Amino acid sequence: MQTETDSLLAWRAEFPILARSVYLVSHSLGAMPRRVHDRLNEFADTWASRGVRAWHEGWWEMPRTVGDLIGRIIGAGPGEVVMHQNQSIAQATVLSALDWPAGRNRIVTEGINFPSNLYLFHALEREGAQIVTVPSDDGMTMSLDRMLAAIDERTRLVSVSHVVFKSAFVQDLAAIVRRAHDVGALVLVDLYQSAGAVPVDVRALQIDFATGGSVKWLCGGPGAGYLYVRRRLWEGLQPRLTGWMAHREPFAFEELPIAYADDAYRFLNGTPGIPSLYAARSGYEIVGEIGVEAIRAKSVRQTDRLIELADDAGLRVLCPRDARERGGTVTFDIPNGHAVTNALSTRDILVDFRPGAGLRASPHFYTADEELEVFVNELRGATGSSNGHRG
Ligand SMILES: Cc1ncc(COP(=O)(O)O)c(C=O)c1O
391 MQTETDSLLA
401 WRAEFPILAR
411 SVYLVSHSLG
421 AMPRRVHDRL
431 NEFADTWASR
441 GVRAWHEGWW
451 EMPRTVGDLI
461 GRIIGAGPGE
471 VVMHQNQSIA
481 QATVLSALDW
491 PAGRNRIVTE
501 GINFPSNLYL
511 FHALEREGAQ
521 IVTVPSDDGM
531 TMSLDRMLAA
541 IDERTRLVSV
551 SHVVFKSAFV
561 QDLAAIVRRA
571 HDVGALVLVD
581 LYQSAGAVPV
591 DVRALQIDFA
601 TGGSVKWLCG
611 GPGAGYLYVR
621 RRLWEGLQPR
631 LTGWMAHREP
641 FAFEELPIAY
651 ADDAYRFLNG
661 TPGIPSLYAA
671 RSGYEIVGEI
681 GVEAIRAKSV
691 RQTDRLIELA
701 DDAGLRVLCP
711 RDARERGGTV
721 TFDIPNGHAV
731 TNALSTRDIL
741 VDFRPGAGLR
751 ASPHFYTADE
761 ELEVFVNELR
771 GATGSSNGHR
781 G
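Sequence positions in the sequence shown follow the numbering used here and run 391 to 781.
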């Protein structure tokens, strides 16, 4: 019924896989926009016809021009976002620009942050950083009070995920940034599970660093991560993870020491992954055109509906039930989750399963209400669950 008035469904024709499957896995890999075919052809044609001239006819600028498409989704200004290969590299770049002096050497993070980020923080113990990992009681949510209490004058960096990948739990960035700045600490936020699904405004929130990637809600495909750094910090940051593109005069190939670029190119390293940037643009343009507010409104309605359907089917939901605390994903406690996910896949119902997280399902702006019912019915069938029997 809702579907008849859902204008976002007009976008379905732009995503070929939707004609063949119930696609509820945009928290993992967003569906491919049809126009990616054209964009990749455009890349090949440009390379074939323009050759080396392509660098100065747009390629060189792509880390910034594509970054600007992300900027308008996350509230950054023009030139404030640059593209990297993935989120891990973007985080590592930020970390490589910081020092860990005794007395101001703590990184405060959550135990349920994405593993890449935790691996990077722990590697910094060798350089004198002290990692304060705030535990989650249930492996799904974080206590804001406990997080705020862990941040003090010894903290150099607070690093959190806006939306936790395992459980879709939404963290209160405004409170975390306020506390961090009150004690003189910087804030690095992983936006991977929020950008394109949950509104975020990096400038309004006064976030110092934000990172993310393309693969999920932004429908941009692999090979394109992004980095936002608050403009007023640029001058003071000299990343150790660097390269010739970060130089003020890259084509002068000057000797040591590096003279960092004045703009956000100072956070780049080597040659950018141009084909990935061509592919990624399409998804960013579509998400930017729709607007994250509209995507979020639909997501809240459909994730609420999924939880309602799950309750009726006797399936146990693990993610927060309150939409204000939940991103775009609903997680289910399903025994034999791997096997069930595979069984659903053979029926062209695409979701995923992560140990410790459960079976994850996500409607996105292109999802029809009927597909939620199809999914829950099939899931009930695959698990043998029936109304009144939770488990
Ligand atoms: C919150 C979050 N951060 C980071 C990543 C991975 O980032 P990348 O593979 O681009 O380094 C993921 C998922 O793959 C994620 O969900």
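Glycine included, every Cβ here is placed at the ideal spot set by N, Cα and C. Note that the coordinates shown come from a computational prediction; the quantities given were computed from them, not determined experimentally.
- Counting along the chain, the unbroken alpha helix (DSSP H) around residue 682 starts and ends at 682 to 703.
- For residue 648, the secondary structure class from DSSP, reduced to helix, strand or coil, is coil.
- Comparing alpha-carbon positions, the option among 713, 707, 562, 551 lying closest to residue 723 turns out to be 707.
- Rounded to the nearest angstrom, the Cβ distance from residue 556 to residue 746 is 6 angstroms, consistent with a contact under 8 angstroms.
- At least one heavy atom of ligand 1 sits closer than 7 angstroms to the Cβ of residue 580.
- Between the alpha carbons of residue 741 and residue 531 lies a distance of about 22 angstroms.
- Of all alpha-carbon atoms in 425, 718, 712, 749, the one lying nearest the alpha-carbon of residue 729 is that of 749.
- Relative to ligand 1, the beta carbon of residue 504 is positioned inside 7 angstroms of a heavy atom.
- Around the beta carbon of residue 644, fewer than 16 other beta carbons lie within 10 angstroms, which makes this residue exposed.
- When rounded, the separation of the alpha-carbon atoms in residue 552 and residue 523 is 16 angstroms.
- A distance of 8 angstroms or more separates the beta carbons of residue 581 and residue 484.
- The alpha helix (DSSP H) runs lying completely inside the region 464 to 524 and spanning 4 residues or more are 477 to 485, 505 to 513, given in chain order.
- Residue 579 carries a strand assignment under DSSP once its states are collapsed to helix, strand and coil.
- Shortest gap from the CB of residue 476 to any heavy atom of ligand 1: under 7 angstroms.
- Each residue's CA atom was taken as its position, placing residue 602 and residue 473 some 10 angstroms apart.
- When DSSP reads this structure, residue 622 sits in no beta bridge, so it has no partner.
- Ranked by Cα distance from residue 493, the first of 574, 440, 513 is 574.
- Taken in chain order, the complete alpha helix (DSSP H) segments of 4 or more residues contained in the region 541 to 581 are 563 to 572.
- Straight across, the Cα-Cα distance linking residue 624 with residue 653 is about 7 angstroms.
- Within the chosen limit of 7 angstroms, ligand 1 reaches the beta carbon of residue 555 through at least one heavy atom.
- Residue pairing for residue 752: DSSP places it in a beta bridge opposite 415.
- Using a Cβ distance threshold of 8 angstroms, residue 429 and residue 668 count as a contacting pair.
- In this structure, residue 551 has its beta carbon less than 7 angstroms from a heavy atom of ligand 1.
- Boundaries cannot be given for residue 657, as no alpha helix (DSSP H) includes it and DSSP labels it neither H nor E.
- Distance from the C-beta of residue 603 to the nearest heavy atom of ligand 1 is below 7 angstroms.
- Rounded to whole angstroms, the separation of the alpha carbons of residue 727 and residue 412 is 18 angstroms.
- By DSSP's assignment, residue 441 forms no beta bridge with any residue.
- Per DSSP, the continuous alpha helix (DSSP H) segment holding residue 773 begins and ends at 759 to 773.
- Looking from the CA of residue 700, the closest CA among 561, 646, 770, 715 belongs to 770.
- The three-state reading of DSSP puts residue 738 in coil, since its state is none of H, G, I, E or B.
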